[in-house]
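Peer 1: All the letters of the sequence shown, read from the start, carry residue numbers 59 to 394 under the numbering used here. Note that beta-carbon positions come from the ideal geometry of N, C-alpha and C, so glycine has one too.
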Amino acid sequence: MSNLCVIIVNYRTPDVTIACLESLLLAGEHQAFSGNNHELSIWLCDNGSNDDSVSRLTEWANRRLGKDAWHCLDVTSDKTNAVNGERKKMVMVLSDRNRGFSGGNNLCLRPALETNHYDYFLLANSDIEFTEESLGILMNDAASDSSKGIWGCSIVYGDTPQKVQCAGGWKYNPLLTTVKPVLEGTEVTRLVDAPPQQMDYVYGACMLVRSEVFLTCGVLNEDLFLYYEEIDLCLRARQKGFDLGWSRGAIVRHAHAYTTQKLKQSLREYHEMWGVLTITGKHYPYLLPWVLLIRCTAKTVLLAGRGRFGLIPWIYRASADYLWGCTEKDTERVNT
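1) Which of the three DSSP states is assigned to H329 in this structure?
2) In whole angstroms, what separates the C-alpha of K340 from that of D379?
3) Output the distance between the C-alpha atoms of G382 and L284, rounded to the nearest integer angstrom.
4) Can L405 and L266 be called in contact, C-beta distance under 8 Å?
5) Would you kindly work out how many angstroms separate the C-alpha atoms of C166 and L102, rounded to a whole number?
6) Is D185 buried or exposed, if buried means 16 or more other CB atoms sit within 10 Å of its CB?
7) Could you check the C-alpha separation between V67 and E242 for me, to the nearest Å?
8) Short check: CB of M257 to CB of L302, under 8 Å?
9) With burial defined as no fewer than 16 other Cβ atoms inside 10 Å of the residue's Cβ, what is the status of A376: buried or exposed?
10) Say whether the region 217-233 touches the region 354-370, bearing in mind that this needs 3 or more beta-carbon pairs closer than 8 Å, one atom from each stretch.
11) Ordered along the chain, which non-local residues of its own chain (more than five positions away) have a Cβ less than 8 Å from that of T244?
12) Counting along the chain, where does the alpha helix (DSSP H) carrying L273 start and finish?
13) Please report the distance separating the alpha-carbon of R145 from that of S99.
14) Can you tell me the Cα-Cα spacing of G158 and C211, whole angstroms?
15) Between T394 and A90, what straight-line distance do the alpha-carbon atoms span, to the nearest angstrom?
16) Suppose you measure from the CA of K402 to the CA of C275; what does that come to, to the nearest Å?
17) Please list the terminal residues of the continuous alpha helix (DSSP H) segment that includes E104.
18) Would the beta-carbon of L115 fall within 8 Å of that of P169?
19) Is D132 helix, strand or coil when you go by DSSP?
20) Would DSSP call E245 helix, strand or coil?
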């Protein structure tokens, strides 16, 4: 028997999050999961939405799970009762502000790890929808190979589910800072015959992580507010001897970029540049001067060619903040 903790971060997308939760519950009830004695718990973070998300999610939880089946934790006033949720079906964590992908997930990860109750953690975007067998297949694959610390799913496009968005993860070129999804565009029916794939990191939209990985490597890097968090985690995990795996039969649908669309384009450009420099400076420091030159030049030409001149200063602002030694906490003003 394995205990699975699924962590989902909501930021102003209650309808999408509820659809994700509904699909998750169905997957947890499927024979492929429950029949193998796996146990499912959900930790849901509202990342300072400041809209009707909390009331909508509360209404859903009371109706779908029952008032006694879940627990609410407000990090601004109640940090000691998190462990009370370990035997609940769901724990909802309320953040006082938008802490980004890493910060929102870590609000759940830290107290959940302290319970020593979970064998695996599944980090899933709120715009993911699980197929009924996906959770059971993913868990069974992970249980069959203890050498792999982080597993990716077969991600398909939400609007064209017959096409693969990525098979487990992506390849990353650290000099050009380009990424390429593994088997993107492949027909789902062809995955069964696809050979094992090489990837540099597991796609963070839906990744299963053994608890030992977080206990050994630490939680997500909060210097990364948006983008590149999974690259950092996978690089740290591989340095500690954990391999990456692909569960080809675990198919999940992804409404690509739906969650990030809630942020202004200027902030997305800022955090993309910030993330590239942070990853390079930490893991490939010898490439940093070249990456800075190549990335700034390429993004300037690309944005100018599209007539998006107002976005160009954000590339250089992120570069300057990074070079001046600012941390993500120092730059919180850009996240509002």
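Peer 2: On the basis of the data shown:
1) H329 carries a helical assignment under DSSP once its states are collapsed to helix, strand and coil.
2) Approximately 16 Å between the Cα atoms of the pair.
3) In the sequence on display, residue 382 carries Trp and not Gly. If I take the Cα positions, the gap works out to 20 Å.
4) It is not possible to answer for residue 405, since the shown part of the chain is limited to 59 through 394.
5) Those two C-alpha atoms are separated by around 8 Å.
6) Residue environment analysis places D185 among the buried positions, since at least 16 neighbouring C-beta atoms fall within 10 angstroms of its C-beta.
7) For V67 and E242, the distance between alpha carbons rounds to 26 Å.
8) Cβ atoms of M257 and L302: closer than 8 Å.
9) Classification for A376: buried.
10) Because the criterion of three Cβ pairs below 8 Å is not met, the region 217-233 and the region 354-370 do not touch.
11) Cβ within range, chain order: K221, V222, A225 and A252.
12) Unbroken alpha helix (DSSP H) run through L273: S269 to C275.
13) Between R145 and S99, the alpha-carbon positions lie close to 8 Å from each other.
14) For G158 and C211, the distance between alpha carbons rounds to 23 Å.
15) With a pLDDT of only 48 at T394, under 50, the local geometry of the prediction cannot be trusted, and no value is derived from it.
16) Shown here, the chain extends from 59 to 394; a query on residue 402 therefore has no answer.
17) Here residue 104 is Asp; the residue named in the question, Glu, does not match the sequence. No alpha helix (DSSP H) contains D104, which is instead part of the beta strand (DSSP E) from E97 to D104.
18) In this structure, L115 lies away from P169, with their beta-carbon atoms at least 8 Å apart.
19) In the three-state reduction of the DSSP assignment, D132 falls in the strand class, which pools E and B.
20) Collapsing the DSSP output to three states places E245 in a strand.
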